[in-house]
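Here the structure is laid out as structure tokens; the discussion comes afterwards.
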Amino acid sequence: MTNNDLPPGADEPHAPRRADFGADFLWGCATSSYQIEGAGAVDGRVESIWDRFAATPGSIRDGSSGHVACDHYHRWPEDLDIGRDLGLNAYRFSIAWPRIFDGTSGRPNEKGLDFYSRLVDGMLERGLQPWATLYHWDLPQWLQDRGGWAARSTVDAFLEFADAMTRRLGDRVSHWITHNEPWCTAILGNYEGWHAPGLKDFGTALQVAHHVLLSHGKAVPLIRAIVPDAKVGIALSLHPLRSASADPRDVAAMERHDGMRYRWFLDPLYGRGYPATTLAQVGEAAPVVLPGDMDAIAAPTDFLGVNYYFPETVADAPGHGPLGTRVLPAQGETTSLGWPVAPQGLAELLARVDRDYRPGPLYVTENGACYDDVVGTDGAVRDTARRRYLMRHLAALRQAVADGVPVKGYFAWSLLDNFEWAEGYLRRFGLVHVDYATQQRRLKDSAKWYRAFLGRN
Ligand code: IFM
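Following UniProt numbering, the numbering of the sequence shown begins with 1 at its first residue and continues without gaps.
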């Protein structure tokens, strides 16, 4: 191979190499059901909160929805072929609850179960270890109509869903993630209101967070009882924090923000209950907690998933939000969503989580970047910035591994361009470009770099 044949970026100095991570390291891509599947009304799937939210004028920037998305429901063999050809050894997907329970019969929908069963078989045939996420935000609307996650009964409904899925897939799927990013479920969906179901009430958001955590904790032993050799965890969206200045007011604001963004979720998961200072700060918005809940939430897990995108800089902002804090707009290099590019933050975050909680094996369950990709006249997508983003984050990950942080795998977000929630299809995170008019998939340069990194030229 001459230098000219090298995939873009492969010859850059200090580029990480797969061998730096050890033979057992998992290399994957992540996706989620509502963002890629489409087939919104196929095979008995019922309405989700995102279908309802997307149909509300003004909620999605381009007025779109996930009704067709990447049509992965029908094109999954092609998508899994791409994953195999990139050289992945793991694939993280989520299960659409509205395909499984329609709120009428109480029995799981065979067609929905069959879809995921075929999908899992397809992964195994291609050498991809399946990592199933039970909840990545697409709650059935019929459950929202009964109170959504703010209602304790949704915890029981989740356990039925977990039971049905693990019984069907547990002979082939060992790795289970109960929830993706509970902070987003709770705060973006029920306090900030720019995610489904679009509510704006802080007390509701904290009750939602409590029930999501409780459903996680109760699902852990259930999954273990059904799945031989189950490995169960949860994926949190976490940010390293910086104070806007050395002013003690900003430093205190950063601490308050940390209490809600990081400790509110991690402390209970690791047996410490809700952080007392934050509990005092939220006052009457604190959730109703029944005896035994905190013990249930602290069920021991097998791994922690960390979704890392960027650090947050926090300033004191009296009267702003429930805690009087504000996250400042990014300075310096950003992605096209305005998110800071800060690879070192990944190593810093993983080290902090490991030091603070000793959660055991860590997996980066999401990491990626949004850029305004263009398909060239030659069909190439030269996403140099994403390729560099990926390479630099893997270099930071290499440092974390070298420092002894027990990180065991990495899932790039995302395999495909997809429905980016309130941003619709305006934002592209994929390593693989999707032309939504034709559903044509094209490897971007970043995918080619990942493939070369994984040794699949
Ligand atoms: O697309 C989302 C994903 O669903 C959850 N984590 C962040 C990604 C990028 O915003």
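Cβ coordinates follow ideal geometry from the N, Cα and C atoms, glycine included.
Opening and closing residue of the beta strand (DSSP E) in which residue i lies
i	result
Lys111	First-last for Lys111: Glu110 to Glu125, but that is the alpha helix (DSSP H), not the beta strand (DSSP E).
Val407	Val407 to Trp413
Glu312	Glu312 to Asp316
Arg130	Note that residue 130 corresponds to Pro in the displayed sequence, not to Arg. Per DSSP, Pro130 belongs to the beta strand (DSSP E) from Gln129 to Tyr135.
Gly175	Checking the sequence, you will find His at residue 175 rather than Gly. Per DSSP, His175 belongs to the beta strand (DSSP E) from His175 to Asn180.
Val327	Thr325 to Val327
Ser243	Leu241 to Ser243
Lys231	Lys231 to Leu238
Gly152	Looking at the sequence provided, one finds Arg at residue 152 rather than Gly. Per DSSP, Arg152 belongs to no beta strand (DSSP E) and is neither H nor E.
Leu26	Leu26 to Ala30
Leu443	Gln440 to Leu443
C-alpha distance - residue i paired with residue j, whole-angstrom precision
i	j	result
Ala41	His393	38 Å
Tyr363	Asp267	19 Å
Gly66	Gln144	18 Å
Ala39	Thr438	16 Å
Ile82	Asn418	15 Å
Trp176	Asp247	43 Å
Ala380	Arg442	8 Å
Arg242	Val327	10 Å
Val173	Asp229	9 Å
Leu454	Leu88	7 Å
Asp250	Ala244	6 Å
Asn109	Tyr34	18 Å
Arg428	Cys370	5 Å
residue 458	Leu80	In this structure the chain extends from 1 to 457, so residue 458 is not present and cannot be described.
Ala317	Ala205	21 Å
Asn3	Glu423	Its pLDDT being 43, under 50, Asn3 is placed unreliably in this model, and the coordinates cannot settle the point.
Ala400	Tyr270	22 Å
Leu349	Ser94	25 Å
Ala385	Lys444	11 Å
Ile60	Ala23	42 Å
Met1	Val120	In this predicted model, Met1 has a pLDDT of only 39, less than 50, meaning its place in the structure is not dependable enough to derive any value.
Ala285	Ser64	33 Å
Gln129	His210	31 Å
Lys448	Phe411	16 Å
Gly305	His179	10 Å
His239	Ala342	11 Å
Glu78	Leu124	14 Å
Nearest-angstrom beta carbon gap, residue j and residue i [assumed within contact, 8 Å]
i	j	result
Ile226	Gly189	Not a contact, Cβ separation roughly 29 Å.
Asp70	Ile36	Before going on, a small fix: residue 70 reads as Cys here, not Asp. Contact holds; Cβ gap of about 4 Å.
Ala196	Val212	Not quite, the Cβ-Cβ distance comes to about 14 Å (not below 8 Å), so this is no contact.
Val208	Trp149	4 Å
Asp383	Ser446	5 Å
Phe158	Ser215	4 Å
Ala347	Pro340	Contact doesn't hold; Cβ gap of about 15 Å is too wide.
Arg388	Pro16	No, Arg388 and Pro16 are not in contact; Cβ-Cβ is about 12 Å, not under 8 Å.
Tyr450	Tyr436	With 8 Å as the limit, Tyr450 and Tyr436 do not qualify as a contact, their Cβ atoms being about 22 Å apart.
Arg84	Arg126	4 Å
Val314	Thr325	5 Å
Leu222	Asp156	Not quite, the Cβ-Cβ distance comes to about 11 Å (not below 8 Å), so this is no contact.
Trp413	Gly368	4 Å
Ala14	Ala396	The sequence shown places His at residue 14, not Ala. At roughly 11 Å, the Cβ-Cβ gap does not stay under 8 Å, so His14 and Ala396 are not in contact.
Ala296	Gly217	4 Å
Check whether residue i and residue j have beta carbons under 8 Å apart
i	j	result
Thr278	Met260	yes
Leu134	Phe161	yes
Pro406	Asp354	yes
residue 465	Pro311	As shown, the chain starts at 1 and ends at 457. That puts residue 465 outside it, with no answer to give.
Val46	Gly103	yes
Phe202	Leu236	no
Gly28	Ala90	yes
Asp373	His433	yes
Ser32	Gln141	no
Gly112	Asp51	no
Lys408	Leu26	yes
Trp137	Arg92	no
Tyr73	Phe115	yes
Glu366	Ala151	no
Extent of the continuous alpha helix (DSSP H) to which residue i belongs
i	result
Ile223	Phe202 to Ile226
Phe303	Run containing Phe303: none in the alpha helix (DSSP H); it sits in the beta strand (DSSP E), Phe303 to Tyr308.
Gly345	Gln344 to Tyr357
Gln281	Ala276 to Val282
Gly256	This sequence places Arg at residue 256; Gly is not what is there. Its alpha helix (DSSP H) spans residues Pro248 to Asp258.
Ala296	Asp293 to Ile297
Asp267	Trp264 to Leu269
Trp142	Gln141 to Gln144
Suppose only complete runs of 3+ residues qualify. What are the beta strand (DSSP E) ranges in the region 36–118, listed by chain order?
Secondary structure remark: continuous beta strand (DSSP E) runs of at least 3 residues inside the region 36–118, in chain order: 90–94.
So within the region 361–431, which uninterrupted alpha helix (DSSP H) runs reach at least 4 residues, ignoring any that extend past its ends?
384–402
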